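Step one of this worksheet: look at the structure below.
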Amino acid sequence: MYTLLPTDRQARDYRAEQDRQGETIAKAIRDSGVRCVVALSSMGADLAEGTGVIAGLHAQEERLKRLDHVNVLLLRPVSFFENFYDSLELIRQEGIVADCVAPDLAMPMVATRDIAEAAATALRARDWSGVAVRELLGPRDLSYAEATSILAERIGKPDLAYVALSYADMEKALVQAGLSETFAGQYAEMTRAFNEGRVKPRRTPANTTRTRFEDFVGELARAYQAA
Numbered sequence: 004m005y006t007l008l009p010t011d012r013q014a015r016d017y018r019a020e021q022d023r024q025g026e027t028i029a030k031a032i033r034d035s036g037v038r039c040v041v042a043l044s045s046m047g048a049d050l051a052e053g054t055g056v057i058a059g060l061h062a063q064e065e066r067l068k069r070l071d072h073v074n075v076l077l078l079r080p081v082s083f084f085e086n087f088y089d090s091l092e093l094i095r096q097e098g099i100v101a102d103c104v105a106p107d108l109a110m111p112m113v114a115t116r117d118i119a120e121a122a123a124t125a126l127r128a129r130d131w132s133g134v135a136v137r138e139l140l141g142p143r144d145l146s147y148a149e150a151t152s153i154l155a156e157r158i159g160k161p162d163l164a165y166v167a168l169s170y171a172d173m174e175k176a177l178v179q180a181g182l183s184e185t186f187a188g189q190y191a192e193m194t195r196a197f198n199e200g201r202v203k204p205r206r207t208p209a210n211t212t213r214t215r216f217e218d219f220v221g222e223l224a225r226a227y228q229a230a
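Using the working numbering, the first residue of the sequence shown is number 4, and each one after it goes up by one.
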């Protein structure tokens with residue numbers, strides 16, 4: 004089976020909701036007798052704390068590791084290309100892309116279709132035993148400033164800029180957008196971990212996926228133009 008923790012960004016206590024869902028999933032696997040599990044996690048889930056929302060995925064990895072006689076493959080991507088869909092309304096209203104990730108920090112970004120392909124391939128092959136980890140890092144590391152520049156060209160807004168917010172301002176913006184205070188705080192903590200280099204990619208040919216941001220950005224452009 005394939006499993007992940009749903010992201011309820013409006014949960015009053017985001018980490019408690021992660022734990023509730025994670026315990027339910029682990030119990031369902033245990034009760035079902037399933038012997039092969041592919042689980043979506045995140046790069047940085049090897050760290051128990053200081054990574055915000057990723058720390059909840061660490062806790063889930065630990066639950067899955069404790070399952071007896073279950074072979075678990077942990078997929079660890081980082082930022083999804085699809086996260087930029089959240090920026091389209093801000094581009095329309097304010098003419099910017101904004102986050103609290105440092106503008107020139109090159110980090111792994113991946114298309115979710117490549118995660119799906121890796122998961123489906125693994126579920127068909129079932130060729131690992133015990134607990135295995137596979138990072139999925141996209142074709143290359145990409146900064147938010149560079150990604151914004153690529154998007155700007157495709158949507159015909161050459162002056163589109165990436166604005167790096169403070170952690171406090173990012174939390175405030177997320178809450179104003181309707182997300183919970185606990186999620187906002189955890190998100191800011193996660194980006195701080197990236198900015199401070201506590202979550203680092205270890206790129207290899209095996210964890211480098213094929214879909215480039217340049218190949219994906221047309222989907223963002225079509226969504227932007229259709230709205």
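Even for Gly, the Cβ is constructed at its ideal location relative to N, Cα and C. Here the structure is a predicted model, which is why all the values come from computation and not from measurement.
message: Just to check my reading of the structure: valine 100 and tyrosine 165 have Cβ atoms closer than 8 Å, yes? What is that Cβ distance to the nearest angstrom?
response: That belief holds up - the Cβ atoms of valine 100 and tyrosine 165 are roughly 5 Å apart, short of 8 Å.
Residue of Pro9, Val40, Gly98 and Thr207 minimising C-alpha distance to aspartate 60: Reading off the sequence shown, one finds leucine at residue 60, where the question assumed aspartate. A check of alpha carbon separations from leucine 60 across Pro9, Val40, Gly98 and Thr207 identifies Pro9 as the nearest.
task: List in chain order: all unbroken alpha helix (DSSP H) runs of 4+ residues lying wholly within the region 151 to 199.
output: Within the region 151 to 199, the complete alpha helix (DSSP H) runs of at least 4 residues are 170 to 179 and 184 to 198.
task: Figure out for me which residue from Ala229, Arg18, Arg12 and Val40 has the closest Cα to the Cα of glycine 133.
output: Looking from the CA of glycine 133, the closest CA among Ala229, Arg18, Arg12 and Val40 belongs to Val40.
query: Smallest Cα separation from glutamate 184: which of Arg12, Met4, Ala122 and Ala119?
result: If we check each option's Cα against that of glutamate 184, Arg12 comes out closest.
message: Rounding to the nearest angstrom, what Cα-Cα distance links glycine 181 and arginine 15 in this structure?
response: Put simply, the backbone Cα of glycine 181 is about 11 Å away from that of arginine 15.
- prompt: With respect to the beta strand (DSSP E) encompassing alanine 42, which residues constitute its N-terminal and C-terminal limits?
  reply: Alanine 42 -> beta strand (DSSP E) spans 39 to 43.
query: Going by the beta-carbon positions, is the gap between valine 220 and arginine 157 smaller than 7 Å?
result: Contact: yes.
field: Chain-order list of residues whose beta-carbon lies under 7 Å from that of alanine 109 (same chain, five-residue window excluded)
entry: Answer for alanine 109: Asp144, Leu145 and Ser146, listed in chain order.
- prompt: Enumerated in chain order, which unbroken segments of the beta strand (DSSP E) with a length of 3 residues or greater are wholly contained in the region 58 to 135?
  reply: Qualifying beta strand (DSSP E) stretches, in chain order: 74 to 80, 99 to 102 and 110 to 113.
Where the alpha helix (DSSP H) containing serine 35 begins and where it ends: Start and end: 17 to 35.
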